[in-house]
Amino acid sequence: MGGTVMKAALVGRDNTPLYRARRPTAAGGGEAAAAGILDFAGELLETGLAEFGAPPHAAGAALPGVVDEAAGVAVYSANLGWRDLPLRRLLSERLGGLPVGIGHDVRTGGLAEGRLGAGAGVDRFLFVALGTGIAGAIGLDGRMEPGAHGGAGEIGHVVVRPGGAPCACGQRGCLETVASAAAVARAWGGSAAEAARAVAAGDPRARAVWAEAVDALADGLLLAIGLLDPRTVIVGGGLAESGETLLAPLREAVAAKVTFQRVPEIVPAALGDGAGCLGAGLLAWATAQAAPAAAPAAPADEAAPADEAGPAGEEGAPGGAGAVGQAGARQVAEGRTAVPSTAGTAEVGQ
Numbered sequence: 031m032g033g034t035v036m037k038a039a040l041v042g043r044d045n046t047p048l049y050r051a052r053r054p055t056a057a058g059g060g061e062a063a064a065a066g067i068l069d070f071a072g073e074l075l076e077t078g079l080a081e082f083g084a085p086p087h088a089a090g091a092a093l094p095g096v097v098d099e100a101a102g103v104a105v106y107s108a109n110l111g112w113r114d115l116p117l118r119r120l121l122s123e124r125l126g127g128l129p130v131g132i133g134h135d136v137r138t139g140g141l142a143e144g145r146l147g148a149g150a151g152v153d154r155f156l157f158v159a160l161g162t163g164i165a166g167a168i169g170l171d172g173r174m175e176p177g178a179h180g181g182a183g184e185i186g187h188v189v190v191r192p193g194g195a196p197c198a199c200g201q202r203g204c205l206e207t208v209a210s211a212a213a214v215a216r217a218w219g220g221s222a223a224e225a226a227r228a229v230a231a232g233d234p235r236a237r238a239v240w241a242e243a244v245d246a247l248a249d250g251l252l253l254a255i256g257l258l259d260p261r262t263v264i265v266g267g268g269l270a271e272s273g274e275t276l277l278a279p280l281r282e283a284v285a286a287k288v289t290f291q292r293v294p295e296i297v298p299a300a301l302g303d304g305a306g307c308l309g310a311g312l313l314a315w316a317t318a319q320a321a322p323a324a325a326p327a328a329p330a331d332e333a334a335p336a337d338e339a340g341p342a343g344e345e346g347a348p349g350g351a352g353a354v355g356q357a358g359a360r361q362v363a364e365g366r367t368a369v370p371s372t373a374g375t376a377e378v379g380q
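Residue numbers (my numbering): 31 to 380.
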């Protein structure tokens, strides 16, 4: 889920998206946004039943802000106006008792990149998403590190320009006030994509705006390199769609700033817009494997509310819900049907 759009998918056991959908996030955030994700999840469940003849095994959801993945709580989101929202319990009730896992949106995207994308086989990586804001995710030996309180990787709120522009977090000069797609758009006076095209065309004002953003991003990465020593930095998000227009000068700037540290490889994300839903699918399958065996879920209007789902297995990528029910899975295992087993995912984008 995000401040402007929600993305969802039904994902098979082989991590193949079987169905995709997106909806605008309800205006105003808060309760309206929460109701929107519950309704969207219900639609996804009904689609799974209609298309595949069985309910999903589990759901996964990826959320912005601070997320307590173990408790299943959306602790805080500035964009969505949430505080301590028990989203895992609410989603499980809406989905007829399905096990549900929730995760931080960028960590779930990082999980997908680490398992299926640019970080596959890399033991230490930093995934940085450059969108409306900036956030990071730390990949360690096949898992994503959430930190002690769910806040690890918030590189967008590292101060790189002391006394600079005010940030929504309350500080001034945070990295995302200078180097996010939103910051580039403000400085350029158009969209970040337009600025990137102008840079490629040689526009001097666009190049000045771009150089300021790249220099700030390199400063933020320099701090991360000193603290984390990643082998690879994976750059994703909307701003990264500019490709080498961003990455080539960023590599040069980082190499010029690093002194004694080893310069990591800086590469583009491989999964693009699909990382969130694929990661949420991984989260959903891990949650299904960790949950006690249960009867297939019925549509929400036919099922009584269920207790809160058990703990999630591991962090997943931005969002999802849905897999065929256990009866359907048994039939697949026995070769009696070709119905694919699926998990549902839902991502909230910024």
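Ideal Cβ positions, reconstructed from N, Cα and C, are used throughout, including at glycine. On a predicted model such as this, the values are computed, not experimentally measured, just so you know.
Item: Hey, quick one: how far does the beta strand (DSSP E) through leucine 205 stretch, first residue to last?; Value: Premise fails: leucine 205 is in no beta strand (DSSP E) and is neither H nor E.
Item: Rounded to whole angstroms, what is the Cα-Cα separation between alanine 225 and arginine 124?; Value: 43 Å
Item: Proline 234 to serine 107, Cα distance in whole Å?; Value: 37 Å
Item: Tell me whether arginine 113 is buried or exposed, calling it buried when 16 or more other Cβ atoms sit within 10 Å of its Cβ.; Value: exposed
Item: Here's a check: name, in chain order, each residue in its chain whose Cβ is nearer than 7 Å to the Cβ of valine 239, leaving out the five neighbours to either side.; Value: Val214, Ala217, Trp218, Ala225
Item: Along the chain, which unbroken stretches of the beta strand (DSSP E) at least 3 residues long are found entirely within the segment 42–110?; Value: 47–54, 89–93, 96–98, 103–107
Item: Leaving out five residues on either side along the sequence, give the residues of the same chain with a beta carbon under 7 Å from the beta carbon of alanine 182.; Value: Ile168, Glu175, Pro176
Item: Assess contact between the segment 269–284 and the segment 56–74, defined as three or more Cβ pairs (one per stretch) separated by less than 8 Å. Is contact present?; Value: no
Item: How many angstroms separate the CA atom of leucine 79 from the CA atom of alanine 209?; Value: 43 Å
Item: Whose CA, out of Thr317, Ala316, Ala310, Gln319, lies closest to the CA of proline 94?; Value: Ala310
Item: Within a Cβ cutoff of 6 Å, which residues of the same chain sit near glycine 250, ignoring the five residues on either side of it in sequence?; Value: Ile185, Val188, Val190, Leu205
Item: Decide if the segment 292–311 is in contact with the segment 134–144; the criterion is three or more beta carbon pairs, one per stretch, under 8 Å apart.; Value: yes
Item: Applying the criterion that 16 or more other CB atoms from any shown protein chain within 10 Å of the CB defines a buried residue, is glycine 266 buried or exposed?; Value: buried
Item: Thinking C-alpha only, which one of Asp171, Leu146, Cys197 is nearest threonine 162?; Value: Cys197
Item: Give me, in chain order, the residues of the same chain whose beta-carbon lies closer than 7 Å to that of serine 272; leave out the 5 immediate sequence neighbours on both sides.; Value: Ala226
Item: By alpha-carbon positions, which one of Val96, Glu73, Ala71 ends up nearest to alanine 178?; Value: Val96
Item: Where does arginine 173 sit, in a helix, a strand or coil, going by DSSP?; Value: strand
Item: Between the Cα of glycine 166 and those of Leu247, Asp98, Arg292, Glu73, spot the shortest distance and give me the residue it belongs to.; Value: Leu247
Item: Pick helix, strand or coil for alanine 178, following the three-state DSSP scheme.; Value: coil
Item: Which value, in whole angstroms, describes the spacing of the CA atoms of leucine 312 and asparagine 45?; Value: 7 Å
Item: Please classify threonine 289 as buried or exposed, where buried requires at least 16 other C-beta atoms within 10 Å of its C-beta.; Value: exposed
Item: Since glycine 166 sits in a beta bridge, which residues does DSSP pair it with?; Value: Val158
Item: Using 8 Å as the threshold, is the C-beta distance between glycine 149 and phenylalanine 157 below it?; Value: yes
Item: Indicate the three-state DSSP secondary structure (helix, strand or coil) for glycine 306 in the structure shown.; Value: helix
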